[in-house]
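A short worksheet on the structure shown next.
Protein chains: 2
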Amino acid sequence: MNTPAFTIAAVERDTGLSKDVLRMWERRYGFPTPDRDEHGERLYPAPQVERLRLVKRLMDAGHRPGKLLALADDDLLALAPKRPPQAVHTAQALPDGHFEEFVAHIRQHDVAGYQQALQQRLARQGLFAFVQDTVAPLATLIGEAWEAGHIEVFEEHLFTELTKRQLRQAIAALPRTAQPPRVVLTSVPEEQHILGLLMVEAVLSLEGADCIPLGTQMPILDIARAAEAHQADIVALSFSVAFPQRQISGLLTHLRSVLPATVELWAGGAGVRRLSDLSGVRIMHDLSSALAALAAWRAAAKPEAGPHPSA
Amino acid sequence: MNTPAFTIAAVERDTGLSKDVLRMWERRYGFPTPDRDEHGERLYPAPQVERLRLVKRLMDAGHRPGKLLALADDDLLALAPKRPPQAVHTAQALPDGHFEEFVAHIRQHDVAGYQQALQQRLARQGLFAFVQDTVAPLATLIGEAWEAGHIEVFEEHLFTELTKRQLRQAIAALPRTAQPPRVVLTSVPEEQHILGLLMVEAVLSLEGADCIPLGTQMPILDIARAAEAHQADIVALSFSVAFPQRQISGLLTHLRSVLPATVELWAGGAGVRRLSDLSGVRIMHDLSSALAALAAWRAAAKPEAGPHPSA
DNA sequence: ACCCTCCGTTTGTCCTGGACAAATTAACGC
DNA sequence: GCGTTAATTTGTCCAGGACAAACGGAGGGT
Numbered sequence: 001m002n003t004p005a006f007t008i009a010a011v012e013r014d015t016g017l018s019k020d021v022l023r024m025w026e027r028r029y030g031f032p033t034p035d036r037d038e039h040g041e042r043l044y045p046a047p048q049v050e051r052l053r054l055v056k057r058l059m060d061a062g063h064r065p066g067k068l069l070a071l072a073d074d075d076l077l078a079l080a081p082k083r084p085p086q087a088v089h090t091a092q093a094l095p096d097g098h099f100e101e102f103v104a105h106i107r108q109h110d111v112a113g114y115q116q117a118l119q120q121r122l123a124r125q126g127l128f129a130f131v132q133d134t135v136a137p138l139a140t141l142i143g144e145a146w147e148a149g150h151i152e153v154f155e156e157h158l159f160t161e162l163t164k165r166q167l168r169q170a171i172a173a174l175p176r177t178a179q180p181p182r183v184v185l186t187s188v189p190e191e192q193h194i195l196g197l198l199m200v201e202a203v204l205s206l207e208g209a210d211c212i213p214l215g216t217q218m219p220i221l222d223i224a225r226a227a228e229a230h231q232a233d234i235v236a237l238s239f240s241v242a243f244p245q246r247q248i249s250g251l252l253t254h255l256r257s258v259l260p261a262t263v264e265l266w267a268g269g270a271g272v273r274r275l276s277d278l279s280g281v282r283i284m285h286d287l288s289s290a291l292a293a294l295a296a297w298r299a300a301a302k303p304e305a306g307p308h309p310s311a
Numbered sequence: 312m313n314t315p316a317f318t319i320a321a322v323e324r325d326t327g328l329s330k331d332v333l334r335m336w337e338r339r340y341g342f343p344t345p346d347r348d349e350h351g352e353r354l355y356p357a358p359q360v361e362r363l364r365l366v367k368r369l370m371d372a373g374h375r376p377g378k379l380l381a382l383a384d385d386d387l388l389a390l391a392p393k394r395p396p397q398a399v400h401t402a403q404a405l406p407d408g409h410f411e412e413f414v415a416h417i418r419q420h421d422v423a424g425y426q427q428a429l430q431q432r433l434a435r436q437g438l439f440a441f442v443q444d445t446v447a448p449l450a451t452l453i454g455e456a457w458e459a460g461h462i463e464v465f466e467e468h469l470f471t472e473l474t475k476r477q478l479r480q481a482i483a484a485l486p487r488t489a490q491p492p493r494v495v496l497t498s499v500p501e502e503q504h505i506l507g508l509l510m511v512e513a514v515l516s517l518e519g520a521d522c523i524p525l526g527t528q529m530p531i532l533d534i535a536r537a538a539e540a541h542q543a544d545i546v547a548l549s550f551s552v553a554f555p556q557r558q559i560s561g562l563l564t565h566l567r568s569v570l571p572a573t574v575e576l577w578a579g580g581a582g583v584r585r586l587s588d589l590s591g592v593r594i595m596h597d598l599s600s601a602l603a604a605l606a607a608w609r610a611a612a613k614p615e616a617g618p619h620p621s622a
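This is how it looks when you write it as structure tokens:
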């Protein structure tokens, strides 16, 4: 309990900042300033780890490290956006609001209450509206609260875990119609967020598509193999906002090059927001564009078939 | 499609071998031997990445890199354990066998068939026997097949994803009694496997314990905060066989030092198999020891009290 | 005023080569 | 056979240098 010290590997794990970056910041900006153990290896005091996590949060929110690391602690904290009232207000303005109820359950660590509230909402709205008007905005709201530092990591995890369960349960309750196209859903290594993928799966499954959920973190070569083995028509990937932006386009290009040309590649999630178009890759910014893409695929697949692209 | 080349970061992602290790192996053992791009950066040909993945598999199975990297390709492949028939046979010998049915569904990428088979088994056995006699041995079986190279990564992922769904669904169907102890279930950063955690949750929930599932990859400091915020009695962690052995004991000691002394720390999973005891940490090697530990906690907590302390 | 291109700056990742400690294996004495 | 010590194996860390991709602002054209 007494001033627990973190090795550089532990800091990498807990902050998501690579060892290289940690050493480079120390060299360039003079922070962090870890102690050294008897063998000269870095030992980071807990307060510095805290500060690094705050910096990382602010970076994910768009700030640049050079500025952040030059600031004093107070100025850093002042940067944390003061949005929670506004955010909640925005949420309330959305159709079928009362998002603060959900957030309150999470904040109070009320597992049963949150599950029950979700369940009720699902029953009332139906799956599609539930995903689009409840889960998606909720995820955004929680994401904003997280960026602003208004909720703890474990609260975000609790939200994610409970919401995932609800979604999977709803998906499982759907009849398996398994019409074309067949869609393989997964994410690349290092990307462990699956909520977006589940939302897409829910929407596509509702339309009767044949979804193959492969979980997260699939190596590139295995994604290609999976597509082949499952005779997939589409590979759908999800990138969260936390995924290193600089890697995404290279990854997609790489994957595109190892995928059969007949397989479409879809990429969505908050991580592809600012992404420019790539040849052979379909970037989708929201759930409705996934629906549109599905309709487009079906239209292209059977140009003269019956006029039933979807509802 | 033409000889896709991997950067060192891509290889790290796809093999799980750190950049440091990749460079060190090249220096020490003369493998891998990546090409260089115009700027001198390593570019790994796909076949070498394949070989590295095989080597990693064999290492997880207990072999040592020095030996493996000195071998020729053929000898390497020969090392892949020839256990699938034996393993399947063992499985068949287990109570209420027919494991080959499940594996066959996975091998044929038959999503609906696998789900249905699981569902039937669950209904027939009840949750506890389902977890202990079906899911656990199945996971072992798949793990062995994976080590032996008899199934693809995406097949393992499919198995994991579908099985997770079934388990979560079963857990959700349980009545929430929420008796003590309150157990926070999670895993440390870098450890994304959750199947073991779900099995424990199922078993503990069946006994009426108040389980808080926080998903995977929780930073150490946040685990401590979560335990405090939720007023947890127990923190349960899971380590898969793939988790770097050398880090586990350090991690547990570190976590123990930041956890309140009144909170028990349980660690389970294939990763702690060869782990020696640590003070203040309870190592569990199977599901029944989790049950035993739960009983022990309850006995110690209320030697004379009634069975309804409630919240 | 707006957009686009160009150029300097910021920032992350990669490189080399060295060092050491934890873990494993081998050797040794009892 | 078994516990203890020595040797080897193996992963991680360190330092400092280099460079390219991304970012941001300045200037020129419409």
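If you're matching them up, the sequences are chains A and B in order. In case it helps, this note's numbering puts the first sequence at residues 1 to 311. In case it helps, this note's numbering puts the second sequence at residues 312 to 622. Don't be surprised by glycine CBs; every beta carbon is placed ideally from N, CA and C. Computed from a predicted structure; not experimentally measured.
Mind pulling the chain B residues with CB within less than 9 Å of residue i?
i, result
"R51/A", "Within 9 Å Cβ-Cβ: nothing; R51/A doesn't reach chain B, min ~12 Å."
"H98/A", "The premise fails here: H98/A is roughly 23 Å from chain B at the closest Cβ pair, so nothing lies under 9 Å."
"A72/A", "Those within 9 Å of A72/A in chain B number zero; the least Cβ separation is about 23 Å."
"A104/A", "The contacting residues do not exist; A104/A stays about 15 Å from chain B at best."
"A209/A", "Simply none; closest approach about 13 Å."
Could you pull the DSSP bridge partners for residue i from this structure?
i, result
"I212/A", "V184/A"
"Y355/B", "F317/B"
"A578/B", "L548/B, I594/B"
"L278/A", "V281/A"
"D35/A", "L43/A"
Going along chain A, which residues have a C-beta under 7 Å from residue i?
i, result
"V422/B", "I212"
"A578/B", "Ordered by position in chain A, no residue passes the 7 Å Cβ test against A578/B, which lies about 17 Å from the chain."
"Q503/B", "Q192, Q217"
Nearest to residue i by alpha carbon, out of the options?
i, options, result
"A232/A", "R182/A, L162/A, I8/A", "R182/A"
"I234/A", "G268/A, E38/A, I248/A", "G268/A"
"H596/B", "M510/B, W608/B, A610/B", "M510/B"
"L532/B", "M59/A, Q217/A, Q48/A", "Q48/A"
"A428/B", "A415/B, L563/B, A316/B", "A415/B"
"K164/A", "A72/A, E228/A, F130/A, V184/A", "F130/A"
"L388/B", "L570/B, L365/B, L586/B", "L365/B"
"T186/A", "L265/A, A173/A, T253/A", "L265/A"
"R282/A", "Q247/A, A236/A, V258/A", "A236/A"
"E101/A", "A292/A, C211/A, L206/A, F159/A", "F159/A"
"P448/B", "A483/B, L506/B, I462/B", "L506/B"
"Q320/A", "A301/A, L291/A, A296/A", "In this structure chain A extends from 1 to 311, so residue 320/A is not present and cannot be described."
"R121/A", "L141/A, A139/A, G143/A, H98/A", "H98/A"
"R176/A", "A202/A, T253/A, L141/A, Q247/A", "A202/A"
"L328/B", "L390/B, L478/B, E501/B, I462/B", "E501/B"
"G582/B", "S590/B, L563/B, E467/B", "L563/B"
"R57/A", "A242/A, V188/A, D35/A", "A242/A"
"E12/A", "S549/B, Q528/B, L598/B", "Q528/B"
"A224/A", "V464/B, E539/B, G341/B, A489/B", "V464/B"
"A170/A", "V135/A, H230/A, E156/A, D75/A", "V135/A"
Please list, in chain order, the chain A residues whose beta carbon lies closer than 9 Å to that of residue i.
i, result
"D325/B", "P189, P219, I220, L221, D222"
Could you name the residues of chain B that residue i contacts, counting a contact when the two beta carbons are closer than 7 Å?
i, result
"A117/A", "Within 7 Å Cβ-Cβ: nothing; A117/A doesn't reach chain B, min ~14 Å."
"R168/A", "R476, R479"
"H150/A", "Those within 7 Å of H150/A in chain B number zero; the least Cβ separation is about 14 Å."
Going along chain B, which residues have a C-beta under 8 Å from residue i?
i, result
"A123/A", "Within chain B, no residue comes near A123/A; the closest Cβ sits about 15 Å away, beyond 8 Å."
"A145/A", "Neighbours of A145/A on chain B: none; closest Cβ ~15 Å, over 8 Å."
Original post:
What residues in the stretch 152 to 165 of chain A have a beta carbon less than 7 Å from any beta carbon of chain B?
Top reply: Cβ contacts with chain B come from E152, V153, F154, H157, L158, T160, E161, R165.
Original post:
Which residues, in chain order, does the stretch 524 to 552 of chain B contribute to contact with chain A at a C-beta distance below 7 Å?
Top reply: Flagged, chain order: P524, L525, G526, Q528, M529, P530, I531, L532, D533, R536, A537, A540, H541.
Subject >> Uninterrupted alpha helix (DSSP H) stretches inside the stretch 131 to 212 of chain A (no shorter than 4 residues) >> reply: As far as the stretch 131 to 212 of chain A is concerned, its whole alpha helix (DSSP H) runs of at least 4 residues are 136 to 147, 153 to 173, 195 to 206.
Original post:
Quick one, which residues of the stretch 172 to 183 of chain A are near chain B if we go by CB-CB under 8 Å, in chain order?
Top reply: Those residues of the stretch 172 to 183 of chain A that come within reach of chain B (Cβ to Cβ, closer than 8 Å) are A172, R176, A178.
Original post:
Of the residues that make up the stretch 340 to 372 of chain B, which ones have a beta carbon closer than 9 Å to any beta carbon in chain A?
Top reply: Here the close residues are A357, V360, E361, R364.
Original post:
If you measure beta-carbon to beta-carbon, which residues of the stretch 585 to 615 of chain B are closer than 7 Å to chain A?
Top reply: Result list empty, no residue passes.
Original post:
Using a beta-carbon distance cut-off of less than 7 Å, what residues from the stretch 553 to 567 of chain B approach chain A?
Top reply: Of all residues in the stretch 553 to 567 of chain B, only H565 place a beta-carbon less than 7 Å from a beta-carbon of chain A.
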